[in-house]
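These notes are about the structure you will find just below.
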Amino acid sequence: MRHTLFLIFAMVVVLASPAVALIVQEKPGGGDVALVVASPWGQDIAALLNGAGMPAIYPQRAPLGAFVVLASDDSVELLMAHGAWMVLRGDRLLDLC
């Protein structure tokens, strides 16, 4: 039984590590590429970006996320005020791809 619990715990830690690393990273600043994630129960990403006045930098986007270039250091707060759920550093995500 102890071995099974240890194995389950180890698998959870390994599977959660990439997500935790992305969430606890420093927030992006002005001029950085960022991934804006809209809340699943709120407005869609197109309306969120239009409200914040930031266009997506790639022609295709996911239903809940889009890459943008932040205009200033206050852009993260502006996006969050318009309904963004998370704003992640896009350069770190693009390194993973």
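Each step along the sequence shown adds one to the number in our numbering, with nothing skipped, and position 5 is 19.
Positions of the beta carbon are idealized from the N, C-alpha and C atoms, including for glycine.
Since the model is a prediction, treat every value here as computed from it, not as a measurement.
DSSP places Gly79 in the strand class (E or B) of the three-state scheme. Per the Cβ contact rule, the region 35-53 is in contact with the region 95-108 (3 or more Cβ pairs under 8 Å). In the displayed model, Leu19 falls within a helix according to three-state DSSP. In the three-state reduction of the DSSP assignment, Met100 falls in the strand class.
With contacts defined by Cβ atoms closer than 8 Å, Val51 and Gly79 form a contacting pair.
When only Cα atoms are considered, Met94 and Met100 end up about 7 Å apart. In its chain, beyond the 5 residues on either side, Val90, Val101 and Arg103 have a beta carbon closer than 8 Å to the beta carbon of Lys41. When rounded, the separation of the alpha-carbon atoms in Ile71 and Ala60 is 12 Å. With respect to Leu63, Pro54 sits apart: the two C-beta atoms are not nearer than 8 Å.
Here the C-alpha atom of Arg16 lies approximately 49 Å from the C-alpha atom of Val83.
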